[in-house]
Structures are given as structure tokens and as C-alpha cells.
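Per this note's numbering, the sequence shown starts with residue 456, numbered consecutively.
C-beta: ideal position from N, C-alpha, C; glycine also.
Given the structure is predicted, the values throughout are model-derived calculations rather than measurements.
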Amino acid sequence: MIFDVMGDATLISSKGKVKALKRSKHILSAVREGDTIKLNGTGKVVIVSIKDKIGYVITHDAEIIIVGDTVKAVKGDLQVKEGFSVPQGGAKGPIGAIVLRNSIRKSCIEIVSPFNTSVITYTPTLKWKNSCKGLRSVSVKVLEDRTVVFDTATKGTSVQVAAGTLKPGITYRWLVDGGASVGIVGGTFTTVEQNVIDLVRTAKGSLSGKPELPELLSYLFMLLENDLNEMADIELAGLERKFPDNEYIKEIREQH
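Written out as C-alpha cells, the structure reads:
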């Protein structure tokens, strides 16, 4: 899978078809057995193996060929970088779990966050919108299975779950109850283990400054791999703004 293209790069398919690679168009497109990529002059091409999560980088007057699940140098230098995160499912249908809020039934109370996502905090802030006329106070509950572990009433549109309430690795339901005339709306979220929190924080910290595109894509797929869908949605929106014409990024959004 192509993770980055800069400069004058050409792909020659195993069937002999030739096409110029463009960053705006070909990011996240697949490469296949026997495909050759040539980089003329200065630039960069990054190919990441879906199977091994290894990145292969050429930067100057180089040529590579896809052999099985790996990349071989035909001409020039080939750098190998490990530790990439990749789509679950390969180059087609790569994203598994961004769930948008348009699936919530219509109500004058609308869940904002978290909604069908994992979270990297044990004290998440629950947020909703309240457009109900005359409704000043709502009841908010968090349930583990059928057990209520958090229960409060508020006149606001957000509340933070108290420390010590939630445990790692549990899926919780949370409900906003507007009373008999309004009804109940809710969402779910899952708390992750501490090692995932540490992983995400380390990865996010490595993106400081001006991160390169392969690192941004890897971070996006790492979030999705851990079902951190709301965080991934933010990263995906950034890629959409940067590459509005990229068909593969559009495909990700269209699936969800």
C-alpha cells in the first residue's frame, strides 16, 4: 500500500501499464506482486506491507519491485522502517469502525460524545445537546451490564465521570433521561487497558512539529485498530481537508 508520494514517481504494473503517481490521488492505493515503482530525481515514495507492517522508503533516483509481501530494490537505496499501523482488511474497505452520530434516532436530546468508541481515559466527559423546550434538568447514568455505576442529575450538557468509577477493558452504556415527555437517548464506550493509553500517548507525542504523511496514516490506523473511533474521526477529517480529491480517503468516509 502506498503511504506517501513526493516527486516524479511512476508505477509500472505487472501487466505493463504505466501511470504517474500523484500524492493527492494515490495515497492508500494498493500495489501488487510484480509492480515496479520508479522515482526520478529527488523525492520520496513510501510503501507499507499490510502483512508485516514494515515500511519501504526510496528517496532519490531509485527503482523497486513488489515481490510477495515485501519490496526489493532494483536500483538505488531502499530504507526499511518498522512499526507502522495499517488498515484492518487491506487496501479495499480499510476502515472497520468509525460510527457517526446520524444513526441515533431523532430526539431533542442528542448524544455528542462518546458514542460507540473506545476512550483513553477512565474519567471521560459525557456530552450531549439539549434542544428540548422547557427541559432544564436531565438524569445521566452509566451502566456496566445492568448495574448502574454512575448516576447524577444536571442542568448542563456535559458531565465528567468520577474517578474510580470505571475499570479498564469494559464496555459501558450511558444514558441521558429527559423524563417521560422526552425519553431516553444513549451511547456506548469502552475503556482501554493502560498499555493502549501509553501506546497512543507515545504515538501522539511522536507527531509533534510537522509529522510526515506516513506517520499520520500510521497513527490513524493505530487508532482504528484499537477502536478509538472518535479520535480517528478527527484524524480522518484532517486528511480529508488536506487531500480532498483522494478517492481512497473518500472511500473510508463513504463506508461510515
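In this structure, Lys697 is the residue among Asp653, Asp682, Lys697 and Glu680 with its C-alpha nearest to the C-alpha of glutamate 667.
Beta bridge pairing from DSSP links aspartate 490 with no other residue. Non-local beta-carbon contacts of lysine 508 in its own chain, meaning distances under 6 Å to residues more than five positions away in sequence, involve Phe539 and Val541 in chain order. DSSP, read as helix, strand or coil, puts isoleucine 707 in helix. Its Cα nearest to that of alanine 635, the residue Ser592 stands out among Glu706, Leu598 and Ser592.
Rounded to the nearest whole angstrom, the CA to CA distance from valine 574 to valine 647 is 6 Å. If you look at isoleucine 625, you'll find it isn't in any alpha helix (DSSP H); DSSP assigns it neither H nor E. Proline 699 and serine 479 have their alpha carbons spaced roughly 8 Å apart. Contact between valine 595 and valine 614 holds, since their C-beta atoms are separated by about 5 Å, short of 8 Å. Rounded to the nearest whole angstrom, the CA to CA distance from lysine 493 to glycine 462 is 11 Å.
With a beta-carbon spacing of about 21 Å, aspartate 459 and valine 522 fall beyond the 8 Å limit used to define contacts. Assigned with DSSP and collapsed to three states, isoleucine 505 falls in coil, not helix or strand.
Contact between the stretch 640-660 and the stretch 618-626 is established, with three or more Cβ pairs separated by less than 8 Å. Ranked by Cα distance from proline 569, the options Gly489, Ala658, Arg708 and Gly642 are led by Gly642. Aspartate 490 places its beta carbon 7 Å or farther from that of serine 504.
Comparing C-alpha distances from leucine 630 to each of Asp524, Gly619, Thr607 and Lys506 shows the shortest one belongs to Thr607. Between the C-alpha atoms of leucine 679 and leucine 654 there is a straight-line separation of about 13 Å.
7 Å or more divides the Cβ of tyrosine 627 from the Cβ of valine 603. Nearest neighbour of threonine 576 by Cα position, chosen from Arg601, Asn585, Ala618 and Lys610, turns out to be Ala618.
In the DSSP assignment, glycine 642 falls within the beta strand (DSSP E) that extends over 639-646.
Taking leucine 476 as the centre and dropping the five residues before and after it, the same chain places the C-beta of Val460, Ala464 and Leu466 closer than 6 Å to its C-beta, in chain order.
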